[in-house]
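Residue numbers (our numbering): 66 to 462.
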């Protein structure tokens with residue numbers, strides 16, 4: 066698994082930068098969730114700040130992907146990290162001064178989302194230029210492995226920072242993590258990539274979208290993936306209520322719940338890093354979604370905190386298998402010149418209902434037991450898995 070690190074120094078810098086910044090991201094996310102819930106005690110307010118964390122990114126992602134195919138991908142990643150560093154350090158300053166409010170936090174979170182909208186499709190488009198194709202699944206799995214590891218470490222570290230030093234320290238750590246990541250990206254000497262930009266911006270963007278929709282598999286997957294993301298992504302709104310309202314465990318309980326999910330992802334991507342399947346990808350996607358639905362059903366049926374952690378760990382393992390497999394599949398079938406804009410479109414469409422999900426789930430959390438919402442979400446995801454099992458293009462991969 067780790068040969069891709071030892072043999073590819075540019076990928077190693079890219080990966081290390083992601084590790085550092087992703088720890089900061091997880092610390093930031095926990096801090097924001099806990100701050101908003103502690104200020105308001107409302108799931109709807111938590112949903113509102115999560116809408117701010119996704120909506121700008123969803124709206125900007127298609128344009129950002131086209132920019133990634135026209136300018137230096139290295140420069141775009143560095144600029145995105147510098148923007149997010151400035152925003153995070155601003156939050157640290159305002160929180161330290163005791164003047165940070167809910168609406169200001171939401172606006173800053175929106176700016177972070179905008180920076181991520183340019184970073185994510187650019188990074189996915191850049192990665193195939195940093196490793197040979199035969200190492201691509203391992204590279205994607207290792208990148209997801211770092212995300213999962215940081216997802217375990219970040220919430221635990223974040224909950225400790227918030228409890229011991231307060232939110233300003235947590236925001237500051239996130240800001241410096243982006244500075245470190247940007248410095249490593251600036252030192253990468255390969256894969257800076259061919260700007261395609263020979264035609265007009267909008268004509269190129271439309272051409273990339275036509276290319277994406279011409280792929281039968283991309284077209285067929287989009288509806289079920291949008292549906293799954295609606296019911297999967299919104300459950301993060303439930304976690305503060307589950308941690309405090311149900312189990313009475315405060316920020317440390319929230320940290321454990323977030324880390325359990327990320328720990329499951331860690332196990333999933335570790336397995337893919339060793340296995341690195343180049344065949345039967347469709348089976349992995351369908352089985353992963355079925356396991357995710359079953360895990361949510363279990364989370365909605367359990368009354369003990371340790372069993373809820375186990376269910377979330379299974380959910381994380383399932384999501385890791387689906388995400389790594391789908392990203393690798395898209396990278397293989399999409400031409401390099403269109404990769405940025407198509408990933409931007411796929412990201413925007415896949416996440417199009419996520420901001421709505423945050424609002425809906427937030428409102429429902431104020432009315433119903435979060436475990437009931439978990440159970441309903443799990444049932445819908447199982448139906449989507451059954452639907453995808455019938456897609457012949459997916460079965461053929």
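Glycine included, each C-beta is placed from N, C-alpha and C at the ideal position.
Predicted, not measured: the structure shown is a model, and the values here were computed from it.
Spatial neighbours of residue 153 in its own chain (CB-CB distance under 6 Å, excluding positions within 5 residues in sequence) are listed in chain order as 236, 239, 240. CA-to-CA, the gap between residue 130 and residue 381 works out to about 27 Å.
DSSP places residue 281 inside the alpha helix (DSSP H), whose first and last residues are 281-298. A check of alpha carbon separations from residue 399 across 283, 445, 301, 166 identifies 283 as the nearest. The three-state reading of DSSP puts residue 134 in coil, since its state is none of H, G, I, E or B. Of 413, 396, 328, 349, the smallest CA-CA separation from residue 377 is found for 328.
Bounds of the alpha helix (DSSP H) holding residue 78 are 74-105. Contact check for residue 375 against residue 109 fails: the beta carbons are separated by 8 Å or more. For the options 162, 243, 167, 79, the alpha carbon positioned closest to that of residue 189 is the one of 79.
Going by C-alpha positions, residue 356 is about 36 Å away from residue 132.
Under the DSSP assignment, residue 169 falls in the alpha helix (DSSP H) whose first and last residues are 167-191. Scanning its chain for C-beta atoms nearer than 7 Å, with the 5 sequence neighbours on each side dropped, one finds around residue 302 the residues 108, 111, 112, 115, 423, 426, 427, 430, in chain order. Across the structure, residue 333 and residue 289 are spaced so that their CA atoms are roughly 22 Å apart. Residue 419 and residue 194 have their C-alpha atoms some 30 Å from each other. Contact annotation, residue 443 with residue 362: C-beta distance approximately 4 Å; criterion of less than 8 Å satisfied. Non-local beta-carbon contacts of residue 449 in its own chain, meaning distances under 7 Å to residues more than five positions away in sequence, involve 289, 292, 293, 354 in chain order. One Cα belongs to residue 415, the other to residue 126, and the distance between them is close to 11 Å. In the DSSP annotation of this structure, the continuous segment of the alpha helix (DSSP H) that includes residue 363 starts and ends at 346-366. If you look at residue 431, you'll find it isn't in any alpha helix (DSSP H); DSSP assigns it neither H nor E.
Where residue 369 is concerned, there is no enclosing alpha helix (DSSP H), because DSSP gives it neither an H nor an E. Around the beta carbon of residue 175, 16 or more other beta carbons lie within 10 angstroms, which makes this residue buried. Distance from the CA of residue 158 to the CA of residue 281, rounded to the nearest whole angstrom, comes to 49 Å.
With fewer than 16 other CB atoms across the displayed protein chains lying within 10 angstroms of its CB, residue 345 is exposed. If you look at residue 252, you'll find it isn't in any alpha helix (DSSP H); DSSP assigns it neither H nor E. With respect to the C-alpha of residue 74, the residue from 438, 252, 317 having the closest C-alpha is 252. Rounded to whole angstroms, the separation of the alpha carbons of residue 434 and residue 352 is 28 Å. DSSP, reduced to helix, strand and coil, places residue 457 within a helical segment of the structure shown. Take residue 83, set aside five residues on each side of it, and the residues of its chain with a beta-carbon closer than 8 Å to its own are 188, 208, 211, 212, 246, in chain order. With a contact defined as Cβ atoms closer than 8 Å, residue 181 and residue 88 miss out at about 15 Å. Cβ-Cβ distances below 7 Å link residue 316 to 99, 224, 227, 228 in the same chain, with the five nearest sequence neighbours on each side left out; the list follows chain order.
Residue 186 holds the alpha-carbon nearest to the alpha-carbon of residue 122 among 94, 186, 151, 137. The C-alpha of residue 457 lies about 17 Å from the C-alpha of residue 390.
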